[in-house]
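What follows is one structure encoded as structure tokens, with my remarks underneath.
2 protein chains.
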Amino acid sequence: MTATSYVAEQDFKRLNPVTVPSTSSFGPVGTRTFFAGDVIYRRGDKAMKIYRIDTGAVRVYRVSPSGCRNILAFHSAGEWFGLEASGHHEDYAEAICETRLRPFSTSGSMPLPVSLLDLCLRNLSFAYVRQSLIVRPTAVARVAGFIEEEACKSAGGGPEFELLMSRADIADYLGLTVESVARAFTRLSSRRIIRLDGRLHRRVRILDPSRLIVASL
Amino acid sequence: MTATSYVAEQDFKRLNPVTVPSTSSFGPVGTRTFFAGDVIYRRGDKAMKIYRIDTGAVRVYRVSPSGCRNILAFHSAGEWFGLEASGHHEDYAEAICETRLRPFSTSGSMPLPVSLLDLCLRNLSFAYVRQSLIVRPTAVARVAGFIEEEACKSAGGGPEFELLMSRADIADYLGLTVESVARAFTRLSSRRIIRLDGRLHRRVRILDPSRLIVASL
DNA sequence: CGTCAAGTTGAAGCACCTCAAGCGGGGTGG
DNA sequence: CCACCCCGCTTGAGGTGCTTCAACTTGACG
Chain A
757 MTATSYVAEQ
767 DFKRLNPVTV
777 PSTSSFGPVG
787 TRTFFAGDVI
797 YRRGDKAMKI
807 YRIDTGAVRV
817 YRVSPSGCRN
827 ILAFHSAGEW
837 FGLEASGHHE
847 DYAEAICETR
857 LRPFSTSGSM
867 PLPVSLLDLC
877 LRNLSFAYVR
887 QSLIVRPTAV
897 ARVAGFIEEE
907 ACKSAGGGPE
917 FELLMSRADI
927 ADYLGLTVES
937 VARAFTRLSS
947 RRIIRLDGRL
957 HRRVRILDPS
967 RLIVASL
Chain B
757 MTATSYVAEQ
767 DFKRLNPVTV
777 PSTSSFGPVG
787 TRTFFAGDVI
797 YRRGDKAMKI
807 YRIDTGAVRV
817 YRVSPSGCRN
827 ILAFHSAGEW
837 FGLEASGHHE
847 DYAEAICETR
857 LRPFSTSGSM
867 PLPVSLLDLC
877 LRNLSFAYVR
887 QSLIVRPTAV
897 ARVAGFIEEE
907 ACKSAGGGPE
917 FELLMSRADI
927 ADYLGLTVES
937 VARAFTRLSS
947 RRIIRLDGRL
957 HRRVRILDPS
967 RLIVASL
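Just so you know, the sequences run in chain order A and B.
Numbering-wise, the working numbering puts 780 at position 24 of the first sequence, and it's gapless, one number per residue.
Numbering-wise, the working numbering puts 888 at position 132 of the second sequence, and it's gapless, one number per residue.
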């Protein structure tokens, strides 16, 4: 179980053209833009805001005492994250691609456009789904379940969609190694259950939804 | 019905700063008693109440499409459970041993003695802890982490405590088989990190806390 | 064209799972 | 009272699948 290096995508970010974070007058706090690998908050930071994703995607993770990164959740457009029980963040949040966020202060008197309880229940529900993913016995089952999940989130159930996250991110989310994830993808691909295309093989087309479900059991 | 009543040492001061008024002041809802294996609610039941545990312990689980039981959480004295996002329960709840509960209606006009948001945040926090447990690579690491967790919850960090749940429960919680859990226990035991005693070897004494931590990494 | 990052593939080793058998305590019935 | 059964736990042997380490491919960028 190798600890993944997080330096990688930050280097990648430096190659991207730098744009000024737009401070459009949207509500009490403006929109902020992040690039792949940018840190949104760190463990230990004061938790005073919650964030809504306009475009892009975010990974929320913790680092175990042994140094392994453990991704708790991927959040994509329309979702909220950043709510903490205590006054400080217990985890890290990073953009996995170009991402526009709207922060909302939780301490201010400004009314929030979302119920904190609903938000929390939704994230709890996500957590339970992930738990049922991780305990699946084989790597193929976990990856197949992950693909189903992403298909629902990204494409509204449509057959084709783009994975925003790297294989390493998926591995740290599913509790597998990068190699096992890659092998699971190729196995599903060679069995004609999915097809992989595009840059870094991150474009997924589900060819046989019913066999994908069978594979995920 | 097996009247196997494991009388748990309760000190329910720890997690909840909320003080619960006596049942009488809350009118219609009283205390209910369950025995080991009794069902508290089922998947599909209308979710109209939340429950506070007075004494005993509860397992909350789901059943995967493939028929595997997946335990999401163990709750013990002082903790709350049963809150659902939708109007129906997505999971099952059963008593692990003799358990006294206080149900509180969430729909009534009666004020609740606990913040639903706090409750939800706490359960989310539990879920994240469990996730970091499950992804640990080896069976010994998972079981060691589980023992630490239970020591904190049951004995307030004390060196000796009683496991309320069976090895099968632990297995379904950690994503392992019963045999692997048993082997991990014996391994920790023969390495003099813990000692197992009592009925069904459920009494655990932590002999070497620091090596337990090392084993859990 | 060289470099680097991300992904894929191969080979060897080990950990977990499966199946099976063996304990041991508690409860039941003769 | 004692034998028996049942259930939970433990232990053993064999097979499978994941991890580890390593090499290779591909695409992007300068």
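The beta carbon of each residue, even a glycine, is placed where N, CA and C say it ideally should be.
Fair warning: this is a prediction, and the values are worked out from it, not measured in the lab.
**Report entry** Chain-ordered residues of the stretch 865 to 878 of chain A with a beta carbon less than 8 Å from chain B
**Finding:** Within the stretch 865 to 878 of chain A, the qualifying residues are Leu872, Leu873, Asp874, Cys876, Leu877, Arg878.
Query raised in the report: Which residue comes first and which comes last in the alpha helix (DSSP H) that contains Lys909 of chain A?
Result: 895 to 911
Report task. Specify, as a first and last residue, the run of the alpha helix (DSSP H) that Pro965 of chain A falls within. Result -> 965 to 971
Query - Leu880 of chain B at chain A interface by Cβ criterion, 8 Å - result: yes
Report task. Can you give me, in chain order, the residues of the stretch 925 to 938 of chain A that have a beta carbon less than 7 Å from any beta carbon in chain B? Result -> Gly931
**Report entry** Any C-beta of chain A under 8 Å from that of Leu736 of chain B
**Finding:** The shown model of chain B, from 757 to 973, leaves out residue 736 of chain B, and the question about it has no answer.
Query raised in the report: So what does DSSP say about His844 of chain A, is it helix, strand or coil?
Result: strand
Query raised in the report: Hey, does Ile949 of chain A have any beta-carbon neighbour from chain B nearer than 8 Å?
Result: no
Query raised in the report: Looking at the C-beta of Arg955 of chain B, does it have a partner C-beta in chain A at a distance below 8 Å?
Result: Cβ-Cβ to chain A under 8 Å: no for Arg955 of chain B.
Report task. Take Ser832 of chain A as the anchor and find which of A:Arg939, A:Val816, A:Leu956 has the nearest alpha-carbon. Result -> A:Val816
Report task. Confirm, please, whether the CB-CB distance from Ile827 of chain A to Leu920 of chain A is below 8 Å. Result -> no
Query raised in the report: What is the residue span of the beta strand (DSSP E) that Arg700 of chain B lies within?
Result: Nothing about residue 700 of chain B can be reported from this structure: the residues present for chain B run from 757 to 973 only.
**Report entry** chain A residues whose Cβ lies nearer than 8 Å to that of Leu973 of chain B
**Finding:** Residues of chain A whose Cβ lies closer than 8 Å to the Cβ of Leu973 of chain B are, in chain order, Ser820, Pro821, Ser822.
Query raised in the report: Comparing the C-beta of Tyr884 of chain A with each C-beta of chain B, is any distance below 8 Å?
Result: Yes, Tyr884 of chain A counts as interfacial toward chain B.
Query raised in the report: Looking at the C-beta of Leu863 of chain B, does it have a partner C-beta in chain A at a distance below 8 Å?
Result: Checking the sequence, you will find Ser at residue 863 of chain B rather than Leu. False, the Cβ-Cβ gap to chain A never drops below 8 Å.
Query raised in the report: To which residues of the same chain is Ile890 of chain A closer than 8 Å at the C-beta, ignoring the five residues directly before and after it?
Result: Arg898, Leu930, Gly931
**Report entry** Residue environment, Arg892 of chain A, which counts as buried when at least 16 other CB atoms sit within 10 Å
**Finding:** Result: buried.
Query raised in the report: Along the stretch 802 to 815 of chain B, what residues have a CB closer than 8 Å to any CB found in chain A?
Result: none
Report task. State the DSSP-derived secondary structure class of Asp810 of chain A, mapped to helix, strand or coil. Result -> strand
Query - Contact set between Ile890 of chain A and chain B, taken where Cβ atoms lie within less than 9 Å - result: Residues of chain B passing the Cβ test: Gln887, Ile890, Val891, Gly931.
Requested in this report: Have a look at Cys876 of chain A and Glu840 of chain B and give me their C-alpha separation to the nearest angstrom.
Outcome: 11 Å
**Report entry** CB contact flag (Arg788 of chain A, Pro867 of chain A, <8 Å)
**Finding:** no
Query raised in the report: If contact means a Cβ-Cβ distance below 7 Å, which residues of the stretch 824 to 845 of chain B contact chain A?
Result: Correct list: Asn826, Leu828, Ala841.
Query raised in the report: Apart from the five residues just before and just after Ser936 of chain B, which ones in its own chain have a Cβ nearer than 6 Å to its Cβ?
Result: Ala895
Query - For Arg947 of chain B, the three-state DSSP class (helix, strand or coil) - result: coil
Query - C-alpha gap between Ser910 of chain A and Glu918 of chain A, whole angstroms - result: Taking the CA atoms as reference points, Ser910 of chain A sits about 8 Å from Glu918 of chain A.
Query raised in the report: Is Asp953 of chain A helix, strand or coil by DSSP?
Result: Strand.
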